[in-house]
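To start, the structure itself, in structure tokens.
Residue numbers (my numbering): 13 to 168.
Have a look at this one:
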């Protein structure tokens, strides 16, 4: 736990927007080492976002969507005296980002029947507007943490 992956130091910004977050997202999106395909899907989604929100830069919409989906608190299982409690705990920044990206891609991948860049654009636009599958997942995590606030004293 707490190990630092090489990607944190060696990650280069993406070629179009010079954004580290976009580069990280493309790496998460990539399957079977096909980075060019992942970049194509991401940049086509950005072009689609530009059409939907013409007055904003698409990278700003993307960044705001990820920011809106990041969870601030989550429940973690903790064994105390033979019982397992769901204890609400703060989420550190790197895990927040990883969870947000993972949830966006899970939402995209479970939708079927449309090109990936359109599904990704839909989910990012929904996240920007504080709605959609990934945002709902975040709300559920926050709701669970709120419901288990009574066990917060076990967080040490």
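Even glycine gets a Cβ: it sits at the ideal position worked out from N, Cα and C.
Every value quoted in this text rests on a predicted model; they were computed, and no experiment measured them.
What are the boundary residues of the beta strand (DSSP E) that includes residue 97? For residue 97, the enclosing beta strand (DSSP E) begins and ends at 95-102.
Going along the chain, which unbroken runs of the alpha helix (DSSP H) with 4 or more residues stay wholly within the segment 60-119? Listed in chain order, the complete alpha helix (DSSP H) runs (minimum 4 residues) inside the segment 60-119 are 70-81.
Look at residue 115 and residue 142 and say whether their C-beta atoms are less than 8 Å apart. In this structure, residue 142 does not lie closer than 8 Å to residue 115 by Cβ.
Between the segment 90-100 and the segment 125-142, are three or more C-beta pairs nearer than 8 Å? The segment 90-100, when compared against the segment 125-142, does not touch it at the 8 Å Cβ threshold.
What did DSSP end up calling residue 24 once you bin it into helix, strand or coil? Residue 24 falls in the coil class under three-state DSSP.
In terms of alpha-carbon separation, which member of 145, 74, 55 lies closest to residue 121? Among 145, 74, 55, the Cα nearest to that of residue 121 is on 145.
Taking all protein chains shown into account, do 16 or more other C-beta atoms lie within 10 angstroms of the C-beta of residue 83, making it buried, or fewer, making it exposed? Under this definition residue 83 is a buried residue.
Taking all protein chains shown into account, do 16 or more other C-beta atoms lie within 10 angstroms of the C-beta of residue 113, making it buried, or fewer, making it exposed? Around the beta-carbon of residue 113, 16 or more other beta-carbon atoms lie within 10 Å, marking it buried.
Can residue 154 and residue 56 be called in contact, C-beta distance under 8 Å? No, Cβ-Cβ distance for residue 154 and residue 56 is not below 8 Å.
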